[in-house]
Every structure is written in C-alpha cells, then in structure tokens.
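Chemist: Could you have a look at this structure, given as structure tokens, before my questions?
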Amino acid sequence: MAEEVKLFRTWSTPFALRIVWALKIKGVEYETIFEDLYNKSPSLLQYNPAHKKVPVLVHNGKPISESYVILEYIDETWKETPLLPEDPYERAMARFWAKFGDDKVFTSIFGGVFVKEGKEQEEAMVEAMENLQFLEEELRGKKFFGGERIGFVDLALGWLANLISILEDVAGLKIVGEDKFPLLSAWMKDFADSPIIKDNWPPRDKMIAKFQALRDAKLAAAASK
Ligand SMILES: N[C@@H](CCC(=O)N[C@@H](CS)C(=O)NCC(=O)O)C(=O)O
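Here is the structure:
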C-alpha cells in the first residue's frame, strides 16, 4: 500500500516548520494542507480535538499532534538519518533541551521581550539572556546541537534562527549577537544555510510583516488595559 502522509500547518508557525524539515531530511513525500487558524477546517478539529492546533501529521489516516510527539514518531517510523541520538542518556538530554527551548527560551522571548516595552522589556531581556546562555554552553565544541549534523534539538530550536533574525527589523531587538553569543550566532547562520533547511524557509518579507502586525496588536491590547 502506498503511504499517505499529510501535514496540516500554517505557512509561518515555527512548530510546523520542525515537521517540514524533519520530513524533508527523511525524504518522506507528503501533502500539505494550509490552515486558516481564524477559520479552522473540520478536518483539523477532527484530527486534533484536544488542542485544535497545528501542526498535525496524518499518516495513513492516523493523526498525530504536538510537534515533539510528531518528530519522535517520524524518527521511529522512517529510520534513515536519525534525529535523536542512540544513547538513552543523550536522547533524554536532547528532549530536555528541546523542552527547555519551548518552556523557557521561546516564552521569555515571544511572551516577554517581543511584546513588552521599556522597563518590562529590559527585565524580560535579562531573563531571555540567561536562558540563551544555557544554549550557548550546550553548543560548546559542536557545530550543531546534534553534533556534526542537524538533529532533534536543532529542529526544535530552528525558530531561533528563523524568528530571532527578523526581530531586529520588527522591534529593533538584537537578541543574539556575535558579541554575546558567538556560538549561537554561528549556529543560527549554519542552520539557516544548511541544505534542506534553507529551501524550506518562510519568505522573510512575509515574516516581518506578520510579526510586525502581531507585535502592534499585542502592544495595543496591553495599552488599552
Ligand atoms: N505545543 C504545540 C504548539 C502548537 C501551536 O501553538 N500552534 C499554534 C500556531 S503557532 C496554533 O495552532 N494555534 C491555534 C490556536 O491556538 O487556536 C506544538 O508543539 O505543536
């Protein structure tokens, strides 16, 4: 039976980009369904009733959601070019850093620095810098978080390379600079320039416009409170 793989996503969400990159690295053919999150399709609601979010991967009719769960499913189903290390401790650490990226780094930047101003933004920046320093240390002696090639943590943190680079245009924020985070800066460049990753990257102009609108809306909402 031919495999049927479908990916429900939006063009911009960093959570879905993880899945796009993983499927491309594994060489899995798939169909893309672009969702409008303001008008979610009945299929999305049926496939992910618990969260009603993208991404959702549907493999031979069976839905899987939550990007890290999907990444692990992909890695276990299509075993060529493994994303997670073999050693159980290394695997645990990869999952740890991926989760740290979402729980602490993403939150301190996109729920903090990006949507705040003045003193509040300065405080959020201190927290973001502390969190980023952990990732800087984790990269010591390595080109990618996965070692010599892109792995699970690189895909998990891909949003850093993808979104951080546009924040300077959107909010005048230079969060990861060569002066403060030389290893992360080099990683952001190497990751973004890697084959497969660079061919599957949302258009920069569109990203800037989207995140500008997002920031303006968040700041306006905060001001009207
Ligand atoms: N933890 C989820 C996060 C997914 C997520 O937040 N998706 C957003 C798009 S960036 C979404 O679908 N939001 C729709 C909503 O909240 O209604 C994952 O890793 O897949």
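For what it's worth, the UniProt record's numbering labels the leading residue of the sequence shown as 1, then goes sequentially.
By construction, the Cβ of each residue, glycine as well, lies at the ideal position given by its N, Cα and C atoms.
Mind listing, in chain order, the residues whose beta carbon lies closer than 5 Å to a non-hydrogen atom of ligand 1?
Modeler: Qualifying residues come out as THR13, PHE15, LEU37, LYS53, VAL54, GLU66, SER67.
Chemist: Out of curiosity, what's the CA-to-CA distance linking THR81 and LEU135?
Modeler: When rounded, the distance between both Cα atoms is 24 Å.
Chemist: Could you please give the first and the last residue of the uninterrupted alpha helix (DSSP H) stretch that includes LYS218?
Modeler: That run of the alpha helix (DSSP H) goes 204-223.
Chemist: Against chain B, does VAL126 count as a neighbour if the rule is that its beta carbon must be under 9 Å from one of theirs?
Modeler: The question asks about chain B, but that chain is absent: this structure has only one protein chain.
Chemist: What are the partner residues of LEU132, as DSSP defines its beta bridges?
Modeler: BP columns for LEU132 are empty, so no partner.
Chemist: Determine the direct distance from the alpha carbon of GLU86 to that of ALA128, and round the result to whole angstroms.
Modeler: Between ALA128 and GLU86, the C-alpha separation is close to 31 Å.
Chemist: Helix, strand or coil for GLU4? Go by DSSP, reduced to three states.
Modeler: Three-state result, GLU4: coil.
Chemist: When DSSP labels each residue in this structure, what does ARG95 get in the three-state scheme?
Modeler: Correct three-state label for ARG95: helix.
Chemist: Pull up the DSSP beta-bridge partners for PRO63, would you.
Modeler: The partner list for PRO63 (beta bridge, DSSP) reads VAL58.
Chemist: Excluding sequence positions up to five away, which residues of its chain have a Cβ less than 7 Å from the Cβ of residue 238?
Modeler: Outside the shown range of the chain, which is 1 to 225, sits residue 238, and nothing can be said about it.
Chemist: If you count every other CB in all the chains shown that lies within 10 Å of the CB of PRO49, and 16 or more means buried, which is it?
Modeler: The residue in question, PRO49, is exposed, as its Cβ has fewer than 16 Cβ neighbours within 10 Å.
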